[in-house]
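This report refers to the structure that appears directly beneath it.
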Amino acid sequence: MTASTSSSNTGQCFINGVWQAGEGSEFTSLNPATGEVIWQGKEASAAQVELAVNAAREASVEWAMMPFADREAIARRFAELLGDNKEEMATIIATETGKPVWETRTEVGAMVGKIAISVNAYNERTGSRVSDVAGARAVLRHKPHGVVAVFGPYNFPGHLPNGHIVPSLLAGNTVLLKPSELTPHVAEFMVQLWEKAGLPAGVLNLLQGQKDTGIALAGHDRIDGLFFTGSSRTGHILHEQFAGHPGKILALEMGGNNPLIIDEVADMKAAVHETIQSAYITSGQRCTCARRLFVPVGEWGDQFIAQLQEAVSRIKVGGQFDEDAPFMGSLISEAAADGIAAAQDNLIGLGASPLVKLEKLKPGTGFLSPGLIDVTALVEADKLPDDEYFGPLLQVIRFSDFDEAIRQANNTQYGLSAGLFSDSEARFNYFYDRIRAGIVNWNKQLTGAASSAPFGGVGASGNHRASAYYAADYCSYPVAGMEADHLVLPENLSPGLTIK
Ligand SMILES: NC(=O)C1=CN([C@@H]2O[C@H](COP(=O)(O)OP(=O)(O)OC[C@H]3O[C@@H](n4cnc5c(N)ncnc54)[C@H](O)[C@@H]3O)[C@@H](O)[C@H]2O)C=CC1
Ligand SMILES: O=C(O)CCC(=O)N[C@@H](CCC(=O)O)C(=O)O
């Protein structure tokens, strides 16, 4: 079953409080489960990017000077509107991404929850403080950067851009949103809700478009910062582009090649379940998903693999709105599905052995069945590519030595998430001391990070600007001051000074 939404689909950009058609090339967004066109519009041209940057610049002084409580009130109104329109937003996300609607409801829940969490984070990590020092007050305040660009990915087209937008606006920045070209409808509906919440013109601008719009916006000399969630490849391009601009702030949240090590735990079924939640949720399209699974050699490991094979081959794949709800929906596009199928073929060509072979399920759609593949031979021959496969393909590596498993787990350019399933706290402490990642879990799935915690990785996964709770840190800069109501001449002057 498919669902249509009642929201007005303008196919337009939102610049300085006005909905207007893009002036660049036309592009469409498809329902990846059916191939139907669900959104149609034109990219923002370079001239429209210019217009939007100027509008955001113009709006930024008044927005920054507005009392925090007033900005907070608009953000809370946005949260209320999101709550009121929860089902419609969940439907739009599901239709545009292919994710099952039970899952997109949780995405909308996370978007609503983000507002209160970001208010707390603003006050706790930024905000202002005053303490007494001799003859004065030491004052710490924070100022917004000014005009910031937000670039979003397609996998959480509401929640992840929202995770940059909400703290940016609360801190007093004005924002230029360039959503993923694969999910323009979600962005459009989200911005319509901000408009209804009462944001002044120019404070949040929506620039629909593909790579060219992104390039024009990222390279604009009058933006003060860029907050990006997306692929490591694009993040690296942006990092190079920002080199030589120390005055601009760049926050990069990128991908991972995340390891999960399994010990011989007592509850094998629980290990199978947490592995599936780690690797196959959102059809493997989460940056935190487990990509490499380390399983001990021997009888326990053999049994675990057999149970995992069985459970993986039973994962239900289906349409977003199927009454008998699937665990996995379609990938974002047929091209994405083809890319993962090609990655599997490449691994097989290099000598890997499929345990559950991933298959393309329906031409013209992004449906894939989940795959499990043994790549131990490739690790032994030092031939395993260090690539992020952003889909339902989990690579298995058998190990006989825990230290070697940890060494291999760290053998990646990335460092986003990592985990250990083990009944031994000592083993976890040993693992924790040696593993290199920004998220390290013990007996919990790798996915599903909380917005109330910092979120980010090391290596090629980020640039040390953690998001989620710590997003407040990159949305403003600290201003430290010493303040007194009047000037007072000190009783004791410094040696060598005479003031008459
Ligand atoms: N660490 C994190 O927090 C997260 C990371 N990701 C990563 O995102 C990726 C999937 O998202 P995608 O949408 O495919 O990422 P992507 O890198 O293709 O696109 C992200 C955004 O950058 C824009 N863009 C692309 N090329 C550009 C260029 N040369 N200059 C300026 N802008 C450009 C796109 O139009 C889009 O708005 C995965 O690698 C995943 O691991 C996804 C979610 C969270
Ligand atoms: O940003 C937050 O509020 C928390 C981080 C988060 O939601 N992470 C998700 C998905 C991240 C991704 O794939 O893009 C998770 O850990 O499942």
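Residue numbers (the UniProt record's numbering): 1 to 500.
Backbone N, C-alpha and C define an ideal beta-carbon position, used for all residues, glycine too.
All of these numbers come straight from a predicted model, not from anything done at the bench.
Sorted by chain position, which residues of the same chain lie with C-beta nearer than 6 Å to isoleucine 281's C-beta, five sequence neighbours on each side aside? Thr447
Valine 148 and arginine 222 - do their beta-carbons sit closer together than 8 Å? no
Could you check which residue in Pro100, Leu393 and Gly98 has the C-alpha nearest to that of glutamate 359? Leu393
Decide if the segment 11-24 is in contact with the segment 68-80; the criterion is three or more beta carbon pairs, one per stretch, under 8 Å apart. no
How would you label threonine 498, buried or exposed, when you count the other beta carbons within 10 angstroms and need 16 or more for buried? exposed
Secondary structure of glycine 419, DSSP reduced to three states: strand
Please report the distance separating the alpha-carbon of glutamine 395 from that of arginine 291. 6 Å
State the start and end residues of the unbroken alpha helix (DSSP H) segment that holds methionine 190. 184-197
By the 10 Å Cβ neighbour count, where 16 or more other Cβ atoms means buried, how is aspartate 84 classified, buried or exposed? exposed
Near glutamine 320, which residues of its chain fall below 7 Å by C-beta distance, leaving aside the five closest residues on each side in sequence? Ala33, Ala94, Thr95, Gly98, Lys99, Pro100, Val101 and Gly329
Which of helix, strand or coil does DSSP assign to leucine 394? strand
Would you kindly report the start and end of the unbroken alpha helix (DSSP H) that includes methionine 328? Unbroken run through methionine 328: none, as it is neither H nor E.
Spatially closest choice to methionine 190 from Glu334, Glu88, Lys269 and Val119, by CA coordinates: Glu88
When you compare only the Cα positions, how much space is there between glutamate 253 and glycine 135? 44 Å
Any heavy atom of ligand 2 closer than 7 Å to the Cβ of arginine 57? no
Buried or exposed: tyrosine 414, going by 16 or more other Cβ atoms within 10 Å of its Cβ? buried
Any heavy atom of ligand 2 closer than 7 Å to the CB of arginine 105? no
So within the segment 289-343, which uninterrupted alpha helix (DSSP H) runs reach at least 4 residues, ignoring any that extend past its ends? 299-313
Alanine 21 to valine 112, Cα distance in whole Å? 29 Å
Roughly how many whole angstroms lie between the Cα atoms of glutamate 274 and serine 369? 19 Å
With three or more beta-carbon pairs closer than 8 Å as the criterion, would you say the segment 175-191 touches the segment 254-273? no
Ligand 1 heavy atom lying under 7 Å from the CB of serine 232: yes
Near alanine 484, what residues of its chain come up, given a Cβ to Cβ distance below 8 Å and the 5 sequence neighbours on each side ignored? Gly135, Ala136 and Arg137
Could you work out which residue in Ile348, Arg125 and Val317 is closest to tyrosine 477 when comparing CA atoms only? Arg125
Unbroken beta strand (DSSP E) run spanning proline 370, endpoints: Where proline 370 is concerned, there is no enclosing beta strand (DSSP E), given that its DSSP letter is neither H nor E.
Alanine 437: beta carbon under 7 Å from a heavy atom of ligand 2? no
Shorter than 7 Å, the distance from the beta carbon of arginine 77 to the closest heavy atom of ligand 3, or not? Among the ligands modelled here, namely ligand 1 and ligand 2, ligand 3 does not occur.
When Arg141, Ala468 and Gly339 are compared against glycine 481, the one with the closest alpha-carbon: Arg141
Would you say glutamate 36 reaches chain D, if we count a Cβ-Cβ gap shorter than 8 Å as a contact? No chain D is present in this structure, which holds just one protein chain.
So, are the CB atoms of leucine 416 and isoleucine 435 less than 8 Å apart? no
Heavy atom of ligand 2 less than 7 Å from the Cβ of cysteine 287, yes or no? yes
Thinking phenylalanine 227 and histidine 164 are a contact (beta carbons under 8 Å), I'd like their distance in whole angstroms, please. 4 Å
Does the separation of the CB atoms of threonine 288 and glycine 256 fall below 8 Å? yes
Under 8 Å by Cβ, that's how I've got glycine 24 and glycine 219 pegged, so tell me the actual separation to the nearest angstrom. Between glycine 219 and glycine 24 the Cβ distance is about 15 Å, and since that is not below 8 Å, they are no contact.
Same chain only: Cβ atoms within 6 Å of tyrosine 469, ignoring 5 sequence neighbours per side: Ala121, Ser452, Ala453 and Pro454
Does the beta carbon of threonine 126 fall short of 7 Å from some heavy atom of ligand 1? no
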